[in-house]
Structures are given as C-alpha cells and as structure tokens.
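In the working numbering, the protein residues as written are 58 to 382.
Glycine included, every Cβ here is placed at the ideal spot set by N, Cα and C.
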C-alpha cells in the first residue's frame, strides 16, 4: 500500500495556497541579525516534513468566514512552536538525527540547540501577537502544557511499572495539545463562531492523540529508512509507548528484558514480542475508537465540504501505518 497523499485528502486550493505562504513566512521570520543563528533556526525547517500542524491551522480556518490572511500567521506560529520543541527534545534525548539529517545538538552543540529553540519559540509569540491576546495566551498555555508532558515523560523514563493513564497524560501534553491548538488557532484567526471553534478543538484533540499513538506504532513496525532513525528508538531511550506498556503488563519475557538495559538485540526481541503478541493491533483498535469520538465532534460542525476533509484526515493517520506494515 502506498503512503497516503495529504493533498488529495484536502482538495481545497485555498489551504495549499496559504501553506505555500506559510513556508515563505517561516523563512522570513527566522531571519536573525546573526547569520549563524539564521542558519541554525532554519536547519529543521529545511529538513522538510509534512507541516501537519500548519495544515490543520489552514483546515481550521476554512471553518470560518475569513480564512485569509491571518490563518497564514496562525500556521507559522504553531510550526515555530513545534520546531522549537523538537530542538529541545533532541537535546533531552541526545538524538543524533532528525528526519534523516544531523540534529542541531549533534552537528553543533546542546547550547546552540537550546538557544536556537528559544529563538524559534520567541518568534512564535511575536508572530501570534497581531492575532490578538487570545492567540498569544493560547500559544503560551500550549507550550506550558507541552513542557509539562515532557517533564512527566522524563520522570517515567525507564519505569516499567507505569500504565496507560500516564502514557495518555504524556502524549496529551507533548502532542495532542499543539495539534488541538493548531486547528483552534486557525478557526479563531478566521473568525469562526464559538461553537465551531470548540467542535474543531475537540476534533483536533482526538486527532492529536491518534497522531501520537500511530506514530508510536510506526516506531515498532516501520523500517529505519522510513523513520529516519533506528526502529525501536523509544525503547532504547526508556520511553515505553502504549503497545510496549501493554506487553510489559502481560508478557513476563518483555518485562524481564526491559528490567535490564537492553542492547540492540534485546530491543529487536522486544519489538518482535510486541508485534507478535497483538499489542500493535490493540493500539490501532483504540485509535479507531478515538477517531469515532472525533467524528462526533465533526457532527457538531455546520454541514459542508470540510466535514469530509476532517474525516479523511482521520483515516490518513491509520492509512500511514497500513502502508508500512
């Protein structure tokens, strides 16, 4: 099965026109008086990516009467938060690569990565400011929630005794919060009605949870080449995702391996036990159930072509897993 094409799922010219503008604006706002900082700030942007969060901002904007041009700034703001958080994550994880390219911390230093991440986050607030006080507050609260999720993940690192509740708290903070903000800020920037903004936010929250759940599944079923990093990296870092958490609770063999410090062979063995034990399928079934909840939020939106787009974006998250299994 081929990887699903996002553009075919969102056949709305205005969305893609604004995304092109987002790309240009990202390079404009990462210009610094210091040429070296400009280079570092753009390193992650130039590595590529689907720009999923700016896309959701543009999709959210289509739910309001005035999608141009403030929605572009909404998309820029959420992508800057995302990129800045990735720079910091790579320092925390001591990562060597990001999307197949050397990470900032590996190519330069932790100090450079932290400072350039701070620069991107500061620019995010600057970009959001013309959208109004509510937008600035939303960006600030979202980043605070993201940090809380990261701190909880650090506390749980290597802990084989935590369960699904803690996992959902982590991914809610680290992933779903910014994805929800992306759609919410897009709808807000386009002057959508209050009920529409809330429905879009509820839809995007479930999407954010499913995004991370399926991303964690990909770490167990995709190739190193597809991931741009070794498969099972989360396990090696002591970050236990939902399929692994289920396996730890039910498989004495998995628990035994992870009670120590698994080497590459041990990580591969855990991956096989998790996959063969049905835990990946269990998480995918839970993802489908969450998409059902997201569709309930879609039903609260005014009828129109965008409701089909939102449903298609939900299916995309599962299809990208099926494409590599």
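Residue 62 counts as exposed, since fewer than 16 other C-beta atoms from the protein chains shown sit within 10 angstroms of its C-beta. Under the three-state reduction of DSSP, residue 159 is assigned to strand. Between residue 188 and residue 238, the CB-CB gap reaches or exceeds 8 Å.
By the criterion of a C-beta distance shorter than 6 Å, residue 89 is surrounded in its chain by 95, once the five residues flanking it on both sides are discounted.
Distance from the Cα of residue 91 is smallest, within the candidate group 172, 132, 102 and 159, for 172. The beta carbon of residue 197 is closer than 8 Å to those of 182 in its chain, skipping five residues each way along the sequence.
Under the three-state reduction of DSSP, residue 228 is assigned to helix. By the Cβ neighbour-count rule, residue 111 is buried, with 16 or more other Cβ atoms within 10 Å of its own. Inclusion of residue 230 and residue 202 in the CB contact set at 8 Å is warranted, their separation being smaller than that value. Cβ neighbours of residue 308 within its own chain (closer than 7 Å, five residues either side excluded): 330 and 334.
The alpha helix (DSSP H) runs of length 4 or more contained entirely in the stretch 193-249 are, from start to end of the chain, 221-228 and 234-246. Looking from the CA of residue 240, the closest CA among 350, 121, 306 and 304 belongs to 121. Shortest Cα-Cα distance from residue 277 to any of 175, 135, 338 and 160 involves 338.
The residue from 174, 142 and 147 with its alpha-carbon nearest to that of residue 97 is 174.
Of the candidates 219, 292, 249 and 375, 249 places its Cα closest to the Cα of residue 118. Taking a C-beta distance under 8 Å as the contact criterion, residue 347 and residue 255 do not qualify as a contact pair.
In the DSSP assignment, residue 258 falls within the alpha helix (DSSP H) that extends over 251-278.
Here residue 209 is near residue 226, since their CB atoms are less than 8 Å apart. Just measuring C-alpha positions, the residue of 67, 341 and 269 sitting nearest residue 115 is 67. Spanning the alpha carbons of residue 269 and residue 123 requires a straight line of approximately 31 Å.
Between residue 145 and the set 326, 72 and 170, the nearest pair of CA atoms involves 170. Proximity to residue 314 across 216, 125 and 126 peaks at 216, based on C-alpha coordinates. By the CB criterion at 8 Å, residue 302 and residue 327 fall outside the cutoff. Spanning the alpha carbons of residue 317 and residue 234 requires a straight line of approximately 33 Å. Collapsing the DSSP output to three states places residue 124 in coil. Scanning its chain for C-beta atoms nearer than 7 Å, with the 5 sequence neighbours on each side dropped, one finds around residue 83 the residues 102, 133 and 136, in chain order. Sequence-distant Cβ neighbours of residue 258 in its own chain, meaning closer than 7 Å and more than five residues away, are 237, 240 and 241. Of 87, 186, 113 and 158, the smallest CA-CA separation from residue 141 is found for 87. Residue environment for residue 218: exposed (fewer than 16 other C-beta atoms within 10 angstroms of its C-beta).
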